[in-house]
Each structure stands twice: as structure tokens, then as C-alpha cells.
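Colleague: Residues in the sequence shown are numbered from 180 upward in steps of one, following this note's numbering. Every residue gets a Cβ at the ideal spot worked out from N, C-alpha and C, and that includes glycine. The structure displayed is predicted, hence computed values, not measured ones. The structure that follows is given in the form of C-alpha cells.
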Amino acid sequence: MAPIRDKFTIHSKAVVCQDVELKGDITIGSVHPKATIFAIAGPIVIGMGCIIEEGAIIVNRRKEVMRIGDDNLFEIGCRVESPTVGNFNTVATRARVHHTVRLLERDFSERDWGFWRAASISVPAALHIGRY
Numbered sequence: 180m181a182p183i184r185d186k187f188t189i190h191s192k193a194v195v196c197q198d199v200e201l202k203g204d205i206t207i208g209s210v211h212p213k214a215t216i217f218a219i220a221g222p223i224v225i226g227m228g229c230i231i232e233e234g235a236i237i238v239n240r241r242k243e244v245m246r247i248g249d250d251n252l253f254e255i256g257c258r259v260e261s262p263t264v265g266n267f268n269t270v271a272t273r274a275r276v277h278h279t280v281r282l283l284e285r286d287f288s289e290r291d292w293g294f295w296r297a298a299s300i301s302v303p304a305a306l307h308i309g310r311y
């Protein structure tokens, strides 16, 4: 495996604390101390207004771009390897999101009245897909 090249693009109004561990090709907004973001195989793009709290770990092991939308909250000690995270999601303290799961924002339509505006995953978590 080729060594990971560091390339950081940080928004001009972003706050990235001193104790953050970054590795790989990363575009970012705001990160709390002791957070870890690893772009191991492919880049990570983090949208505006995201909060990545202490001890949160975000990892991209895939060659494709990992896209994280706007206004997401990654709480203390969570681990996210999802290739796609939409907007307005919350990943609660110590929750884990596997690399095969995609967190998407769903929009309201008349045909689909049982919509989710945003996902919220807590510990212990059970993720159900489909209508109720």
C-alpha cells in the first residue's frame, strides 16, 4: 500500500483545535480537540456546520470520496466509516456506523408520508430500513 499523503483544505472560518489528528486528503469545517479523521484510501469532505466532538473517529477506508453533509453532529467517542452522511444527522456518544451503512437525509413527498428528516443513532443502536 502506498503511503498516505496529507492534503488538508480548511475553510477560512473553520475552527480546528490543536489536538486533532488528521491523516490523508481532508476538506473540513470545525473539529473539537482529540478528534481523529483518517482518509486512509480516499478523501473525506466534511460540510459546513458539522460538529465533531472529542474522541470522535471518522475513517474512510474506501477509494471513493467520503462525503459528509452539512449540520451533522458526531458526539463524543463515536466512530463513523459510512461512505455517505447526509445533512442534519446525529451520531450519539459511542455509537458506531459501519462502512456498509449510508446515512441520508430524506425529503418529504406526498407519496412517502413516513419520511425521516434526519437520522439519529444512539447506543445501543438498531437501524431499521423501510416503512413502519
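Rounded C-beta distance between residue 230 and residue 252? I'm assuming under 8 Å.
Modeller: 5 Å
Colleague: What are the boundary residues of the beta strand (DSSP E) that residue 245 is part of?
Modeller: 245 to 247 is the span of the beta strand (DSSP E), which, as asked, contains residue 245.
Colleague: To the nearest angstrom, how far is the alpha carbon of residue 218 from that of residue 266?
Modeller: The straight-line gap separating the alpha-carbon atoms of residue 218 and residue 266 is approximately 20 Å.
Colleague: Between 181, 275, 225, 262, which lies nearest to residue 195 when the distance is taken from Cα to Cα?
Modeller: Distances from the alpha-carbon of residue 195 to those of 181, 275, 225, 262 put 225 closest.
Colleague: How close, in whole Å, do the beta carbons of residue 201 and residue 216 come, if the pair is a contact with beta carbons under 8 Å?
Modeller: Yes, they are in contact, since the Cβ atoms of residue 201 and residue 216 sit about 5 Å apart, within 8 Å.
Colleague: Could you name the residues of the same chain whose beta carbon sits closer than 6 Å to that of residue 254, not counting the 5 residues immediately before and after it, in chain order?
Modeller: Close CB contacts of residue 254 within its chain, under the 6 Å cut and outside five residues either way in sequence, are with 232, 271, 272 (chain order).
Colleague: For the beta strand (DSSP E) that contains residue 225, what are its first and last residues?
Modeller: Note, residue 225: beta strand (DSSP E), 223 to 225.
Colleague: Three-state secondary structure (DSSP) at residue 272?
Modeller: coil
Colleague: Since residue 228 contacts residue 249 with CB under 8 Å, what's their CB separation in whole angstroms?
Modeller: 5 Å
Colleague: State buried or exposed for residue 260, treating a residue as buried only when at least 16 other CB atoms are found within 10 Å of its CB.
Modeller: buried
Colleague: If you run the structure through DSSP and keep just helix, strand and coil, what is residue 184?
Modeller: Look at residue 184 here: in three-state DSSP terms it is coil, with no helix or strand label.
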